[in-house]
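Residue numbers (my numbering), protein chains in the order written: chain F, 1 to 359; chain A, 1 to 359; chain H, 1 to 359; chain P, 1 to 359. Ideal Cβ positions, reconstructed from N, Cα and C, are used throughout, including at glycine. Just so we're clear, the structure is a prediction, and the values are computed from it rather than from any experiment. The structure appears below as structure tokens.
4 protein chains.
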Amino acid sequence: MSGSTFGKIFKVSTFGESHGLAIGATIDGCPAGLSIDPQLIAKDMQRRRPGQSKITTQRKEADEVEIISGVFEGKSTGTPIHLLIKNKDQRSRDYSHIKDKFRPSHADFTYTAKYGHRDYRGGGRSSARETAARVAAGAIAKMLLNKHDIKIWAYVSQVGHIQLDKHYKKLNLELTETNIIRCPDPQIAEKMIQLVSEIRKQGDTIGGCISCIIQNCPAGLGEPVFDKLHAELGKAMLSINAVKAFEYGSGFAASQMKGSEHNDQFHSEENAIRTTTNHSGGIQGGISNGMDIHFKVGFKPVATIVKAQSSVNQLGEKVQVEGKGRHDPCVVPRAVPIVEAMAALVLADHLLRARSNRI
Amino acid sequence: MSGSTFGKIFKVSTFGESHGLAIGATIDGCPAGLSIDPQLIAKDMQRRRPGQSKITTQRKEADEVEIISGVFEGKSTGTPIHLLIKNKDQRSRDYSHIKDKFRPSHADFTYTAKYGHRDYRGGGRSSARETAARVAAGAIAKMLLNKHDIKIWAYVSQVGHIQLDKHYKKLNLELTETNIIRCPDPQIAEKMIQLVSEIRKQGDTIGGCISCIIQNCPAGLGEPVFDKLHAELGKAMLSINAVKAFEYGSGFAASQMKGSEHNDQFHSEENAIRTTTNHSGGIQGGISNGMDIHFKVGFKPVATIVKAQSSVNQLGEKVQVEGKGRHDPCVVPRAVPIVEAMAALVLADHLLRARSNRI
Amino acid sequence: MSGSTFGKIFKVSTFGESHGLAIGATIDGCPAGLSIDPQLIAKDMQRRRPGQSKITTQRKEADEVEIISGVFEGKSTGTPIHLLIKNKDQRSRDYSHIKDKFRPSHADFTYTAKYGHRDYRGGGRSSARETAARVAAGAIAKMLLNKHDIKIWAYVSQVGHIQLDKHYKKLNLELTETNIIRCPDPQIAEKMIQLVSEIRKQGDTIGGCISCIIQNCPAGLGEPVFDKLHAELGKAMLSINAVKAFEYGSGFAASQMKGSEHNDQFHSEENAIRTTTNHSGGIQGGISNGMDIHFKVGFKPVATIVKAQSSVNQLGEKVQVEGKGRHDPCVVPRAVPIVEAMAALVLADHLLRARSNRI
Amino acid sequence: MSGSTFGKIFKVSTFGESHGLAIGATIDGCPAGLSIDPQLIAKDMQRRRPGQSKITTQRKEADEVEIISGVFEGKSTGTPIHLLIKNKDQRSRDYSHIKDKFRPSHADFTYTAKYGHRDYRGGGRSSARETAARVAAGAIAKMLLNKHDIKIWAYVSQVGHIQLDKHYKKLNLELTETNIIRCPDPQIAEKMIQLVSEIRKQGDTIGGCISCIIQNCPAGLGEPVFDKLHAELGKAMLSINAVKAFEYGSGFAASQMKGSEHNDQFHSEENAIRTTTNHSGGIQGGISNGMDIHFKVGFKPVATIVKAQSSVNQLGEKVQVEGKGRHDPCVVPRAVPIVEAMAALVLADHLLRARSNRI
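Pasting the structure below:
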């Protein structure tokens, strides 16, 4: 129960360390009869892979996903879908110098405190490499959601102090993939890219935010009490490496609002019941109401920096730590497909859970 | 699987509707031999109960918790601890006027969309009354945590635009319970109380924030991937009624920071490894590092307001909705013990999960 | 995680000790819109209750089931259905003499070994009284199954050496409830009743078997690997107090058969595919095939006997133990509704699980 | 939620089809610091592998287990241990003739009924090949149990009408692996081998039984209500392909016994509390009592036979089915390590669950 499984019906488990033989995911609970398109998996893997642009880590990983089981003649069989991604560019030697040192704001210390020893190569299980397996599984969740016309759009809405303030309805979300930072506003994107390039030159890193919109989610997904849809989305996002904050709908801003301002009034529109505003972010009482679901995720700056830092080793002795591994100056451009994948896993699970709502 | 269970080893399930016969909780997985003090349960129930001050709803509920099972001669037996809270002040007639109307920003519409019908009395299962059961269960989790010296302090850090900006280390957290808004800074508390009183007179409501500090949490709690400690805390908090946002450690502010600013450097201190700063909020790689855990939770304004609002009924016809039920002008003072309870449930669960970390 | 929850979607949790304030069950996952008939619950409770005939324990318990939550205007709401059964005839004094003694073949020793202390009154949580909560929950599961015409028939097929050898198809299962031993063959029933009466006079107890037939189960319930339908039924039955053995279809007899004898050949019949024989007991590869499901459950003799027995106390000192509490001479007549209830819980859960078989 | 996960803390998930690229298992919840010996995995794989003797299928499979993750420098890290077994000798062409036919007493029909289509090659996911993954995972569970001196011995106790009637205490269990049928009594073993050889020549198959003894299990494992230790063992065994029956301790024979005969009286022995007899099979009230745990598992004859059988195809039309694939004449010799593996998974899980018994 090391916490490597997500979901209750559409259940995804991941395994693997950064520099082990392979990483991967198993989906147990994908309904039978779903057409599985390996191209769609590859496409999302491309969006997450290292080395994709000048503002990401230059580490190279092919990240080819092999479908080992659960798919027959192009369709899911209802049995576990096993996805295997071999690790190729391992360079374990890069990490021997941190074998017994605790890198600041990494998981080296906490894994050692918890388990007594750790696979120190590239962070082992704590590496963001694990998220490649989530993206692969998420791509299959998206295929299921597509059958129900549910569409997920994530994009970078902040890098350092540069924010994209426009309401998402005023953005052309199709533009997100047209630039390397994945921001749908080309002018803001340019500024963000410039900032990341500067930070990169400094050998430093910078934080950022990703916003996510889910369209066409039917009303009725999510559960009343603990498994509220936004609570599940929140957990999903907070489980992504480097995430520090989550808000949905009006978010923290709601804490400054009055009820009379914040309430979303209902009206009828083309035979559907809709709300006039959407401070609820598409979720009321933990259950989707058919409006767009929208939320925002805050990421800290990547912990690996070139600059020397003070730390301790396993004996508690003072040491210096310097970043030698290849790393990202800013995590958000590569995290866009990860946010989408986790959102897809939550929705796919609740889509299936909702099948038992009524007799 | 209506999502009414929380936790994997220390598992809590709640049941009950606002105006049914009773609500309650069952804890399955409390270790045997724990001294159960009903006074400590009663104390937290008092902190949550309606009618406790002029700035809360005037609804009266005794909220007496009966321990039905799992405790023998004052000690837990290891079998399910069942906690029953009878509903006394029901006044169901207050709600007949909203039988077939959807109140704005309530769960009336989504429950109907999901289940086809709903217990409309006082919001039924969607009512914050459900959280009384969480507080009762949380009180028992706190008893387990106390055995390990783990202490949880929640307090109101914002109401509307009035913020408590001081770092928590500069506050005397013992003062939290000395005022009715539950803010440990008496001057700020006064301003908050004044604001809530004004809002109340307007028949309106206002949002707010609660901050929470967990002291003496040992290093090693939390799991590597999906069940990261902060992801579990985030889900726990987001599952509380009216919560819209969660951040831990540096939170959203981290998105504007550089790695060189944000990283928490390690040093040795009295035979323990500590960090010099604590942007990590006591959690690294999803696992506690022995520093204080701290997080912040954003609440929206209560949806029930006196002012008439436009809405629709079950047929989609336009109607007016007016708040008649007794309600809180601001949810945060009563939510302080709820935040603590949910934090306690997460920690109790992970304390037990950690027992299988090593052979 | 004391093992008090059963099922994955239609999840039932029980709580309570034999001589505590109450016992009960919570069903989390019953679909909304199910008509809940309290009479049907009461009917099954009557079949299980003590004191119902001369061959059961003379302990009296009203076993009234209160529906505390999850039902509104006669229909399930989709939220947890909480069922409460108060303990009335407690007579705790009956048990003080065994406070620190370990009764042979009871759970006194193992509970103490596991938990350090125990509620010794009437066996506490280990008492078969807990099964009253299962019967109440099972009655609701049956209401769901009835909607799909699935019918469950359990009956006593053996008491001591007296066996009902006839194939179930030659029995009139409607006769089961016409006699106090619950055997559908009146002649055999008479012999069984006589044997139990004799055993009772001796202050002794006797074992027996219950057979169970499930009709109209659709093909496709059950899961491929670990959660095979018969494995779940087996676990369900083995979790009932005093059960020592489970077999389905051809059972242990299959171990003496050849494949050519045992295989069930398929044929078409009225547009359905059926098997000519049914050694498979209605389940192939762990999944129902649309034929009758049938299985048999073996019960040991009740451990409480009047005769003095040698044992030890908590200090390991030799002591004598004599049965003083009121007890059943043979558990099987009262266990018939328990077997049905557990079968119903398994089927209700898999009926809902099957809703995610296909896209 | 296709039922491919077993256990709650020591959780094992398997994946893969008989003729896919690979099968395998992931263990999520193995404590850190366990020495993992690949030789011990290989040894159990050898005991299960096809082609090991003249009385098993002649299909050849190398069944090499690759440890992909979760083990570093020879020790478990606490993160998921992923075990991959590539399929080599696939010969898919052998199965094209049954593509649209339902083989009697196989899972072809039920998988199709459930999922709409199926991987028909060698039974796909329903093939006993899946149990190779269980044996690999079980070998690791055994390593954990070895640390606590818990030892599991399974052996063949019946083939067709040939039974090993001796009490297990009179057997030398070390002899089990000295013959190809895996029966610890050499004379009986010889008769069993002869019978299987004859059956094989007839192109037929035969059922059998496996008995299992667990020594040195500490008192206190297993949970009070649904997750009784024997209920979990029962489910584990019933989930193995071809199993039809399970009994523990006195088993079905208990149904003919009196309480005065059946009760196991306690006495003190070398500072431990023991029972004089062991009809309880080492488990009382669902919890281990420190005596040997013993149980028996009944297997049906393998469904694949050479003889032509009548059946139907997917259209319901009458067809003939003839066994062409290579198959076992009797499943029990190869099932011995599978029974042990599943027993090991149950015990490893409950060993860890028991860590939360007490504060």
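Contacts of residue i in chain F (Cβ-Cβ under 7 Å)
i, result
"F6/A", "F226"
Proximal chain A residues relative to residue i, where beta-carbon distance stays under 8 Å
i, result
"D28/F", "Going along chain A, no residue has its Cβ under 8 Å from D28/F, so there is no contact; the nearest lies around 14 Å."
CB contact flag (residue i, residue j, <7 Å)
i, j, result
"F295/H", "V331/H", "no"
"G290/A", "Y248/A", "no"
"M257/P", "F246/P", "no"
"S250/P", "H279/P", "yes"
"A25/A", "A137/A", "yes"
"G116/A", "R358/F", "yes"
"G29/A", "S2/H", "yes"
"V159/F", "I55/F", "no"
"R103/F", "R334/F", "no"
"V156/P", "C183/P", "yes"
"D119/A", "F266/H", "no"
Alpha carbon of residue i to alpha carbon of residue j, nearest angstrom
i, j, result
"V243/P", "E61/F", "45 Å"
"E190/F", "G208/F", "15 Å"
"K142/A", "K11/A", "14 Å"
"Q58/P", "D328/P", "8 Å"
"Y95/F", "S239/A", "40 Å"
"G33/A", "S18/H", "19 Å"
"L221/A", "S288/A", "5 Å"
"V135/A", "Q215/A", "19 Å"
"E177/A", "G323/A", "30 Å"
"F15/A", "R121/A", "15 Å"
"G20/F", "I27/P", "16 Å"
"D149/A", "I199/A", "39 Å"
"F6/P", "S13/P", "6 Å"
"G285/F", "H106/A", "7 Å"
"K114/P", "D292/F", "34 Å"
"G259/P", "V306/H", "10 Å"
Contact list for residue i against chain A, beta-carbon separation under 9 Å
i, result
"T79/P", "P224 and V225"
"L347/F", "Those do not exist, as L347/F stays about 15 Å from chain A at its closest Cβ, beyond 9 Å."
heavy atom of the ligand HEM below 6 Å from residue i C-beta
i, result
"A139/A", "Inclusion of the ligand HEM in the displayed structure is not the case, the ligand content being empty and no account of it being possible."
Proximal residues of chain A, C-beta to C-beta of residue i below 7 Å
i, result
"S280/F", "S105"
"S356/P", "I9, G29, P31, L352 and R355"
Amino acids of chain P, ordered along the chain, whose beta-carbon sits closer than 7 Å to that of residue i
i, result
"D119/F", "F72 and T77"
Cross-chain neighbours of residue i in chain H, by beta carbon under 9 Å
i, result
"R125/A", "S69, G70, T77, G78, T79 and P80"
Contacts of residue i in chain H (Cβ-Cβ under 7 Å)
i, result
"I213/P", "Chain H residues near I213/P: none, gap ~17 Å exceeds 7 Å."
Neighbouring residues, chain P, relative to residue i (Cβ below 8 Å)
i, result
"A133/F", "Per Cβ cutoff of 8 Å: no residues; A133/F is ~11 Å from chain P at best."
Cross-chain neighbours of residue i in chain P, by beta carbon under 9 Å
i, result
"M1/F", "G7, K8, I9, F10, K11, D28, G29 and L352"
"Y95/F", "Chain P residues near Y95/F: none, gap ~12 Å exceeds 9 Å."
task: For the stretch 74-150 of chain A, list the alpha helix (DSSP H) runs that are entirely contained and at least 4 residues long, ordered along the chain.
output: Taking only runs of at least 4 residues, the alpha helix (DSSP H) segments lying wholly in the stretch 74-150 of chain A are 108-115 and 131-146.
- request: Below 7 Å between beta carbons is the criterion; list the residues of the stretch 139-156 of chain H that meet it against any residue of chain F, in chain order.
  value: From the stretch 139-156 of chain H, only L144 and K147 have a Cβ closer than 7 Å to chain F.
field: Against chain A: residues of the stretch 10-24 of chain H by CB proximity under 9 Å
entry: Within the stretch 10-24 of chain H, contact with chain A at the beta-carbon level (separation under 9 Å) is assigned to F10, K11, S13, T14, F15, G16, E17, G20, L21, A22, I23 and G24.
- request: With 9 Å as the limit, tell me which residues of the stretch 194-208 of chain H have their beta carbon closer than that to any beta carbon of chain P; keep them in chain order.
  value: Under the 9 Å Cβ criterion, the stretch 194-208 of chain H contributes I199, Q202, G203, D204, T205, I206, G207 and G208.
- prompt: the stretch 300-313 of chain A: which residues have C-beta closer than 7 Å to a C-beta of chain F, in chain order?
  reply: Result list: K300, P301, V302, A303, I305, K307, Q309, S310, S311 and V312.
Chain F contacts from the stretch 32-63 of chain P (Cβ-Cβ distance under 9 Å): Legend: CB atoms of the stretch 32-63 of chain P lying less than 9 Å from CB atoms of chain F belong to residues A32 and G33.
message: At 4 residues or longer, what runs of the alpha helix (DSSP H) sit wholly inside the stretch 309-353 of chain P?
response: Correct list: 332-353.
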